Amino acid sequence: MASLGMNESAGLASSELGSEHEEPKSTGASTKWRFWLTMATIASIYMFTQTAVQPPCAQLCNIFDRKSSMVTAVVIFAAGSAVAGSSKTATTLIVGRTVQGLASGCIMMLSELIVCDMVPLRERGKYVGFILSAIALGTVVGPITSGALAEHHWRWVFYMNLPICGIILATLKLFVKFRYNKEPSWAKAISRIDWPGNTLFCGSACAIMLGIIPAGSSHSWSSWRTILPITIGVAGFIAMAFFEASRFCREPGIPPRLFTNRTTVAGYFMAFISSIALQWAGFFWPVYFQMRGASPLKSAVNLLPFLLFLLLVAGVSGAVMSKIGQYRPLHAAGFTILQILNATGQGLIIPTLLPAIMASLAESDAAAATGVFSSLRSFGYAWGIVLSSIIFNNQVEKNQWRIEDSTVRGSLTGGRGYGMVSGDFVQQLPPATRVQVLDVYTRSLRSIWWAALALACVGALGVLIDKHVPLRQGLEKEYGLDSDGQLGDTAPQEKGVAPDLNSSK
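Going by UniProt numbering, the sequence shown opens with residue 1, and the numbers climb by one from there.
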């Protein structure tokens with residue numbers, strides 16, 4: 001429920017932009033630049049903060065307990081929704097979306113981590129599949145719901161989150177009970193937080209996102225506005241890696257040991273690539289539907305069969321992994337089928353990656369490993385939008401000579417090809433020009449799908465690096481349900497003890 005509700009909000013920014021704000025009539029370049037900078041911030045700040053906060057949140061819920069961390073995140077999300085819904089200025093709306101993004105990143109990560117605490121590693125695929133399915137469903141349901149609500153008033157797009165958060169809080173209070181060894185004092189607990197490392201991660205993640213998301217639309221990839229933040233972000237990640245491995249960092253937020261075995265690294269790589277591929281398809285299937293005259297809302301509805309089949313295959317894939325105790329065959333089949341049947345391939349991959357990453361790590365690393373996995377997935381979603389848009393717009397530029405009308409041809413240049421793909425624009429063109437524009441878009445989409453095929457082949461390389469490690473059937477002692485009823489085989493796993501990789505097949 002939490003995953004569905006929070007990710008339903010991820011796509012809500014577009015509904016309110018046109019309702020309350022219009023481009024200023026002033027022809028001054030600085031005035032229009034400030035306006036579009038504000039609009040871009042409102043649209044992207046949710047993704048910025050959601051991506052950056054997940055590893056720091058993972059460390060916090062290791063120091064404090066999972067339940068109170070989840071309750072706090074839900075309350076903060078509700079507060080952010082209330083601020084955004086009641087906003088009367090763009091600045092207040094940005095603040096509300098920022099708070100929402102911070103909380104939703106924590107909720108996404110905690111939803112998966114709580115499953116890790118409750119369910120043995122071998123059984124996790126089934127339950128992680130449910131959560132990731134809710135995330136995917138929320139991503140599509142969000143625009144549909146917000147489009148319907150925005151027809152009455154855009155503020156309800158945010159206000160609808162308040163009763164959802166109330167239901168989640170009641171459910172957490174009544175049904176979720178965890179055991180946890182609490183720190184003796186708040187001062188000692190706070191002293192364990194990796195403040196420098198977490199600050200470097202958040203700043204670096206936001207800098208890279210700030211560079212890549214507007215690139216190709218607001219400004220070119222060669223612009224200093226793109227190069228500078230990306231350079232700062234990469235330098236920040238390098239500095240963070242050195243700090244986390246140094247003797248000055250007593251308790252790293254992202255321990256270097258997460259990246260010391262090939263199975264975990266391969267899992268992170270495949271998670272990143274598969275997330276790019278998922279967003280790639282989700283971003284450009286609606287383009288195809290809008291080319292055929294569908295409205296943006298109808299395009300989102302048309303995407304539902306893709307997602308529903310993905311959810312079905314994800315459930316089956318998780319159950320198969322639990323049954324056979326292996327993940328490599330599912331990864332290989334997933335990236336192979338992904339090149340032909342996208343939903344089937346994604347369904348095989350999505351629920352099996354986190355258990356594969358955890359197989360080579362100690363259960364005490366579950367929070368940090370899940371935080372990195374969740375953050376890489378969000379990074380992949382951002383790159384999926386950016387890379388596919390670059391290819392599409394470049395192909396539109398390359399083929400625009402096929403359009404005889406110079407005015408229409410000019411409206412598709414300068415990285416505006418994707419933005420002009422709406423059904424209204426195409427359908428209002430004269431018949432001869434419409435045929436030419438659709439031909440350009442068809443050729444551009446063909447390049448998109450060929451590039452997606454190449455991306456799936458790159459992801460398949462991770463299967464060659466991947467290694468089979470037996471999936472544990474025990475639970476770690478420190479966390480888990482504080483009750484007699486537990487899920488699966490709950491033979492205890494010693495805290496901090498990683499599996500013996502030399503015994504792997």
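Beta carbons: idealized from backbone N, C-alpha and C, even for Gly.
Computed from a predicted model, the values in this text were never measured in an experiment.
Do T51 and A205 count as a contact pair if the criterion is CB distance below 8 Å?
yes
Rank A215, L200, V99 by C-alpha distance to the C-alpha of V386 and give the top, closest one.
A215
Verify whether the separation of the beta carbon atoms of T442 and D405 is less than 8 Å.
no
Which value, in whole angstroms, describes the spacing of the CA atoms of V234 and I227?
11 Å
From L376 to P55, what does the alpha carbon distance come to, in whole angstroms?
10 Å
Beta bridge counterpart(s) of A84 as assigned by DSSP:
Partner(s): none; A84 has no beta bridge.
Our contact map puts A460 next to F335 with C-beta atoms below 8 Å; I'd like the distance itself, whole angstroms only.
4 Å
Where do the N-terminal and C-terminal ends of the alpha helix (DSSP H) with V441 fall, by residue?
A quick correction: the sequence has Tyr, not Val, at residue 441. Where Y441 is concerned, the enclosing alpha helix (DSSP H) stretches over 431 to 465.
Through-space distance from T407 to S111, alpha-carbon basis
50 Å
Would you mind sorting S87 into buried or exposed? The rule is 16 or more other CB atoms within 10 Å of its CB.
buried
With distances taken Cα to Cα, identify the nearest neighbour of A207 among V75, G410, T49, A454.
T49
Ends of the alpha helix (DSSP H) at G203?
195 to 212
Please classify I213 as buried or exposed, where buried requires at least 16 neighbouring CB atoms within 10 angstroms.
buried
Scan the region 211 to 275 and note each continuous alpha helix (DSSP H) run of 4 residues or more that stays entirely inside, going in chain order.
224 to 244
Per the contact definition of three or more C-beta pairs closer than 8 Å, is the region 356 to 374 in contact with the region 255 to 268?
yes
Of the residues T263, A189, R416, the one placed nearest S360, counting alpha carbons only
T263
The region 240 to 255 / the region 187 to 203 touching (three or more Cβ pairs under 8 Å):
yes
I'd like the list of long-range same chain contacts for P351, defined as Cβ closer than 6 Å, with 5 residues on each side in sequence excluded.
G125, V128, G129, A314, S317, G318
Based on Cα-Cα distance, which residue from I94, I232, D117, S81 lies nearest to P163?
S81
Three-state secondary structure (DSSP) at F64?
coil
Selection from F284, L455, F306 that minimises the alpha carbon distance to G417:
F284
Within 10 Å of its beta-carbon, does W33 have 16 or more other beta-carbons around it, so buried, or fewer, so exposed?
Bear in mind that a pLDDT of 46 at W33, under 50, signals an unreliable position, so the number given afterwards is only what the model happens to contain. Exposed, since its Cβ has fewer than 16 Cβ neighbours within 10 Å.
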